[in-house]
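K.L.:
Those sequence lines, one after another, are chains A and B.
Mapping of the first sequence onto the working numbering: position 159 corresponds to residue 256, and the numbering continues sequentially without gaps.
Mapping of the second sequence onto the working numbering: position 150 corresponds to residue 155, and the numbering continues sequentially without gaps.
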Amino acid sequence: MRKGGLSLWVGGGLVALALAVAIFAPLIALTDPVMGANLMNAEIPPGLEFPFGTDAQGRDIYSRICYGARISLTVGIVSQILNSLIGVTLGLTAGYWGGLWDDLVSGLTNLMLAIPSLIFALAIMAILGPGLVSLLIALGLTSWSYSCRIARAQVLSLKSQGYIQAARILGYGDLRIMFTQVLPNILGPLIVIATLGMGGAILAEAALSFLGLGIRPPFPSWGSMLSEARDQINTAPWLSVFPGLAIFLTVLGLNLLGDGLRDILDPQSTTRRT
Amino acid sequence: MAESLLQLDDLAVHFKVGSTFAGGIHTLKAVDGVTIDVKPGECLGLVGESGCGKSTLALAIMGLIPPTRGHVALDGRDLSERERLETARTVQMVFQDPYASLNPRQTVRRTLADPLRIHGVTDKAEVEARVADMLARVGLRPEHADRYPHEFSGGQRQRIGIARALILKPKLVICDEPVSALDVSIRAQIINLLLELKDELGLAYIMISHDLGVVEHVSDRVAVMYLGRIVEQGGWQEIFEDPRHPYTRALIAAIPDPFQRAAVPARAKAKGEIASALAPPPGCHFHPRCPLKADICVSQDPPLEAIAAGHRAACHFRDRSG
């Protein structure tokens with residue numbers, strides 16, 4: 098089997114499935130996730146008419162999971178893009194310039210690592226109030242320390258390479274060296290970290306929504322669906338099983354994809370002919 | 006006498022090593038008072054063992070390490086007063102390791118074209134023409150331009166490294182051990198390429214090597230370095246036919262000579278290992294290994310003094326011919 102084969106394909110497949118569900122939600126959903134409430138259909142177990150059952154308001158769980166994928170994936174992707182931008186910019190400049198700036202960034206990174214990011218995100222949410230935008234900001238600002246550390250360490254190991262020195266001698270500016278010489282050579286591990294972080298962000302969204310600080314009802318996110326299902330876990334277990342399964346499969350897929358990417362982006366395997 | 010292209014005046018680079026707690030801070034004198042000059046079109050060979058400060062000297066000349074003391078002047082003007090880009094168009098460098106000195110994610114074309122664009126050559130046709138011309142000069146085919154470094158052999162990579170150093174048409178190229186990482190069979194090709202380019206383009210070289218055999222082949226003048234200092238410098242003939250410093254004699258004796266053309270006197274060989282630059286021996290740094298060692302060598306540091314015009318050696322017994 099080729100490097101990274103199985104986990105790359107299974108992970109990629111699960112993530113592609115989640116993305117497809119999110120994109121085509123209006124086409125594959127059976128009813129409207131919010132307006133589809135019908136108290137006549139309340140708490141029907143999974144069956145032919147409602148594949149994943151219905152909740153206390155008679156809304157179709159399957160349709161709500163389809164629409165919930167949009168929010169969960171948006172949170173995962175956007176917050177990780179934010180985290181990567183912040184982390185890579187700080188890590189790259191800290192590693193390259195060193196000195197006081199490096200001390201400052203490293204200190205800040207250690208501080209961020211010391212504070213549990215969920216608690217930090219909770220504090221930001223408490224200030225900004227619930228909602229998708231504040232959720233993206235809260236999760237996008239709180240876990241950049243991993244990509245920052247990785248970027249910094251990679252820059253430090255690359256800095257003494259001949260081609261970086263050659264670029265300086267040829268008159269390249271600092272920013273040009275960072276973005277054309279250093280960044281392309283450290284992208285592999287950073288993509289892996291971002292992919293793994295997406296799973297973490299989806300779980301964090303679920304946790305914040307569960308605590309009532311994420312997506313407001315009646316709009317569905319996987320986390321808020323779990324939160325609402327808490328009271329009926331004995332009488333209607335399907336309310337929590339299916340959103341939980343959706344989170345589990347997506348996070349599993351993202352982690353497998355991250356592992357697979359790590360294997361194929363390993364510098365040792367990039368010597369194939371192009 | 007022609008104006009100097011490069012003038013080093015009492016150049017020193019010292020590093021602080023260690024920490025206040027673990028054994029105290031020591032000063033490592035990697036380069037300690039080096040005065041040399043290079044004239045246009047000439048090749049200066051710089052030899053010495055590993056760890057004698059050759060590469061640090063190269064980086065200081067390139068302005069990548071600030072000097073602790075002394076000056077580097079290019080074309081008569083101090084490095085610190087010159088524009089960075091202007092310096093880049095005057096002096097360039099060829100690196101030792103052809104595997105680490107090329108960006109693995111850039112095609113050869115980008116490696117060669119980007120510096121031109123940075124230096125204001127924006128006309129596409131001109132950039133293309135200069136890249137193609139440079140590839141031809143270093144003996145690569147035009148279709149090589151769109152390949153990545155991992156598709157080349159070590160010798161070809163070093164050709165790319167040479168092309169990159171020459172693309173801005175510099176006057177001086179510092180070659181830091183340009184062939185020591187290459188297969189023996191490739192070395193002669195690269196050395197000959199460097200010599201051809203020197204004649205075609207009127208380049209001056211500083212050829213840094215631990216191998217006097219390489220330097221013997223290419224240099225007009227030679228400087229011998231030991232523990233951060235120049236111990237002997239002079240023209241090719243003076244160094245190879247009338248070496249005055251025992252260290253120079255030891256290096257010459259170490260050139261492989263399969264046909265035993267010259268008898269090597271046993272006393273020419275240096276004993277032991279190079280001393281640590283952190284704690285150089287008192288007096289003449291070379292005395293613990295020197296076959297001519299006398300009491301004065303331990304107590305007094307010999308100055309670099311002239312024997313003949315342009316030939317200088319730092320040895321108390323410099324007047325004694327080998």
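The beta carbon of each residue, even a glycine, is placed where N, CA and C say it ideally should be.
With a 10 Å radius around its C-beta and 16 neighbouring C-beta atoms as the bar for buried, classify residue 345 of chain A as buried or exposed.
P.N.:
Exposed, since its Cβ has fewer than 16 Cβ neighbours within 10 Å.
K.L.:
Output, in sequence order along the chain, the residues in the region 258–288 of chain A whose CB is closer than 9 Å to any CB in chain B.
P.N.:
Those residues of the region 258–288 of chain A that come within reach of chain B (Cβ to Cβ, closer than 9 Å) are 258, 259, 260, 261, 262, 263, 264, 265, 266, 267, 268, 269, 270, 273, 277, 278, 281, 282 and 284.
K.L.:
Going by DSSP in three states, residue 367 of chain A sits in which element: helix, strand or coil?
P.N.:
Here residue 367 of chain A scores only 47 on pLDDT, less than 50, and its place in the model is too uncertain to base an answer on.
K.L.:
Would you call the region 235–252 of chain B and the region 312–322 of chain B in contact, with 3 or more CB pairs under 8 Å?
P.N.:
Yes, the region 235–252 of chain B touches the region 312–322 of chain B.
K.L.:
Within 7 Å of any Cβ in chain A, is that where the Cβ of residue 100 of chain B sits?
P.N.:
Interface residue, yes.
K.L.:
Determine whether the beta carbon atoms of residue 259 of chain A and residue 106 of chain B lie at a separation below 7 Å.
P.N.:
In contact: residue 259 of chain A and residue 106 of chain B (Cβ atoms closer than 7 Å).
K.L.:
Taking C-alpha atoms, which residue in A:355, A:136, A:135 and A:164 lies nearest to residue 118 of chain A?
P.N.:
Ranking A:355, A:136, A:135 and A:164 by Cα distance to residue 118 of chain A puts A:164 first.
K.L.:
Per DSSP, what kind of secondary structure is residue 6 of chain B in: helix, strand or coil?
P.N.:
Confidence is the limiting factor: at residue 6 of chain B the pLDDT is only 46, short of 50, which leaves the residue's position unreliable, though a coordinate-based value still follows. Looking at residue 6 of chain B - three-state DSSP - the assignment turns out to be coil, as it is neither helix nor strand.
K.L.:
Please list the residues of the region 57–75 of chain B that have a C-beta atom closer than 9 Å to any C-beta atom in chain A, keeping them in chain order.
P.N.:
So the close ones are 64, 67, 68 and 69.
K.L.:
Spatial neighbours of residue 118 of chain B within its chain, please: CB distance less than 7 Å, with the 5 preceding and 5 following residues excluded, ordered by chain position.
P.N.:
Answer for residue 118 of chain B: 132 and 136, listed in chain order.
K.L.:
Identify which residue in A:333, A:191, A:144 and A:335 has its Cα closest to the Cα of residue 275 of chain A.
P.N.:
The shortest C-alpha separation from residue 275 of chain A is found at A:191.
K.L.:
Starting from the C-beta of residue 287 of chain A, find all residues in its chain whose C-beta is less than 7 Å away, skip the five residues before and the five after it, and write them out in chain order.
P.N.:
Around residue 287 of chain A: 181, 185, 244, 247 and 248.
K.L.:
My output table needs one value for residue 250 of chain A: the three-state DSSP class, helix, strand or coil.
P.N.:
In the structure shown, residue 250 of chain A sits in a helix (DSSP, three-state: H, G or I).
K.L.:
Tell me the DSSP secondary structure of residue 169 of chain B in three-state form.
P.N.:
Helix, per DSSP.
K.L.:
Would you tell me roughly how many angstroms separate the C-alpha atoms of residue 181 of chain B and residue 217 of chain B, rounded to the nearest one?
P.N.:
Using only the alpha carbons, I get a separation of about 14 Å.
K.L.:
Taking the runs of the alpha helix (DSSP H) that are 4 residues or longer, which of them lie wholly in the region 128–168 of chain B?
P.N.:
The region 128–168 of chain B contains these whole alpha helix (DSSP H) runs: 129–142.
K.L.:
Nearest-angstrom Cα distance between residue 83 of chain B and residue 92 of chain B?
P.N.:
Each residue's alpha carbon lies about 10 Å from the other.
K.L.:
Figure out for me which residue from B:87, B:212, B:188 and B:200 has the closest Cα to the Cα of residue 161 of chain B.
P.N.:
Per the Cα distances, B:188.
K.L.:
Output the distance between the C-alpha atoms of residue 179 of chain B and residue 99 of chain B, rounded to the nearest integer angstrom.
P.N.:
Roughly 6 Å separates the two Cα atoms.
K.L.:
Chain A beta carbons: is any one of them nearer than 7 Å to that of residue 55 of chain B?
P.N.:
Judged by the 7 Å Cβ criterion, residue 55 of chain B is not in contact with chain A.
K.L.:
For residue 208 of chain B, which residues in the same chain have their Cβ closer than 6 Å to its Cβ, ignoring the five residues on either side in sequence?
P.N.:
Excluding positions up to five away in sequence, the list reads 178.
K.L.:
So for residue 164 of chain A, helix, strand or coil by DSSP?
P.N.:
Here residue 164 of chain A sits in helix by DSSP.
K.L.:
Look at residue 168 of chain A and residue 312 of chain A and say whether their C-beta atoms are less than 7 Å apart.
P.N.:
Yes.
K.L.:
Leaving out the 5 sequence neighbours to the left and right, which residues in its chain are closer than 7 Å to residue 275 of chain B when beta-carbon positions are compared?
P.N.:
Around residue 275 of chain B: 252, 255 and 294.
K.L.:
Determine the closest residue to residue 292 of chain A out of A:358, A:318, A:280 and A:238, with distance taken between C-alpha atoms.
P.N.:
When each option's Cα is compared against that of residue 292 of chain A, the closest is A:358.
K.L.:
Three or more C-beta pairs under 8 Å: does that hold for the region 148–166 of chain A against the region 126–136 of chain A?
P.N.:
Contact holds: three or more Cβ-Cβ distances are below 8 Å.
K.L.:
Just checking: is the beta-carbon of residue 211 of chain B within a distance shorter than 7 Å of some beta-carbon in chain A?
P.N.:
It does not: the Cβ of residue 211 of chain B has no partner Cβ on chain A nearer than 7 Å.
K.L.:
Using a C-beta to C-beta distance shorter than 9 Å, which residues of chain A count as neighbours of residue 123 of chain B?
P.N.:
Those within 9 Å of residue 123 of chain B in chain A are 267, 268, 269, 270 and 273.
K.L.:
I'd like to know whether the C-beta atoms of residue 176 of chain B and residue 10 of chain B end up nearer to each other than 7 Å.
P.N.:
Contact flag set, yes.
K.L.:
Report the neighbours of residue 108 of chain B on chain E: residues whose CB is nearer than 9 Å to its CB, in chain order.
P.N.:
Although the question refers to chain E, the structure presented lacks it and instead comprises the protein chains A and B.
K.L.:
Taking only beta-carbon positions, decide if residue 93 of chain B is within less than 7 Å of chain A.
P.N.:
Interface residue, yes.
K.L.:
Quick check on the burial criterion: 16 or more other C-beta atoms within 10 angstroms. Buried or exposed for residue 306 of chain A?
P.N.:
Per the 10 Å Cβ criterion, buried.
K.L.:
If you compare alpha carbons, which of A:351, A:352 and A:337 is closest to residue 320 of chain A?
P.N.:
The residue with the shortest Cα to Cα distance from residue 320 of chain A is A:337.
K.L.:
Quick check on residue 295 of chain B: does DSSP put it in helix, strand or coil?
P.N.:
Note: residue 295 of chain B maps to coil in three-state DSSP.
K.L.:
Measure how close the beta-carbons of residue 242 of chain A and residue 210 of chain A come, nearest whole angstrom, since I'm counting them as under 8 Å.
P.N.:
Going by Cβ atoms, the distance from residue 242 of chain A to residue 210 of chain A rounds to 5 Å, so yes, they are a contact pair.
K.L.:
Under 7 Å, Cβ to Cβ, is there at least one residue of chain A near residue 105 of chain B?
P.N.:
So yes, residue 105 of chain B belongs to the interface.
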